[in-house]
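Peer 1: Residue numbering for the sequence shown follows our numbering, beginning at 5 and increasing consecutively. Using N, Cα and C, we set each Cβ at its ideal position, and we do this for glycine too. In this text the structure is predicted, and so the values were computed from the model without any measurement. Right, I'll just put the structure down here and ask away after.
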Amino acid sequence: MNIDDWKSQIKRGTLDFCILLMIRQRPSYGYEIISTLEKYPILAAKENTIYPLLRRLMKEEYVSSSWQESAEGLPPRKYYSITDKGLEYISAMSKEWNNLLNAINEIKGE
């Protein structure tokens, strides 16, 4: 396996978590999520990854959505918000993430 394959696997395993954390901070629309993730190259993802992920998070009831009017001349945007179930999921994910980081740091000797 090369480093790009390994990075892809890491990204797949963490995108849900990162997106939920972003939406927890404030409701966001899809393009805004994509743009924010682009600031972090290891997390950058295209529409064909993010929108299906958001639909799945909605189906699992971790996020909800609502349409909101945009600036003049622009179509309404679909904003995603965290649900109570999503907050519980983030809490569980955070615990596991911290466990993972602690284990890795211990193995690395840090």
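Could you pull out every residue in the same chain whose Cβ sits closer than 8 Å to the Cβ of Thr53, ignoring the five residues on either side in sequence?
Peer 2: Contacts found: Leu19.
Peer 1: By how many angstroms is the C-alpha of Trp101 removed from the C-alpha of Cys22?
Peer 2: The alpha-carbon atoms of Cys22 and Trp101 are separated by roughly 11 Å.
Peer 1: Between the alpha carbons of Lys82 and Gly34, how many angstroms are there, rounded?
Peer 2: Straight-line Cα distance between these residues: approximately 7 Å.
Peer 1: Answer yes if the stretch 44 to 51 comes into contact with the stretch 62 to 73, meaning at least three C-beta pairs across the two stretches below 8 Å, and no otherwise.
Peer 2: Touching, no.
Peer 1: Which residues in the same chain as Leu24 place their Cβ atom closer than 8 Å to its Cβ, once the five residues preceding and following it in sequence are excluded?
Peer 2: Only Leu61, Tyr66, Val67, Ile86, Gly90, Tyr93, Ile94, Met97 meet the Cβ criterion.
Peer 1: Rounded to whole angstroms, what's the CA-CA distance from Ser39 to Asn106? Just pull it up for me.
Peer 2: Straight-line Cα distance between these residues: approximately 30 Å.
Peer 1: Kindly indicate which three-state DSSP category Ile46 falls into: helix, strand or coil?
Peer 2: Three-state DSSP puts Ile46 in coil, outside helix and strand.
Peer 1: Could you please give the first and the last residue of the uninterrupted beta strand (DSSP E) stretch that includes Asn66?
Peer 2: The amino acid occupying residue 66 in the given sequence is Tyr; Asn does not appear at that position. No beta strand (DSSP E) holds Tyr66; DSSP gives it neither H nor E.
Peer 1: Out of Asp88, Leu58, Ile37, Ala48, which one is the CA nearest neighbour of Ser69?
Peer 2: Nearest C-alpha to Ser69: Leu58.
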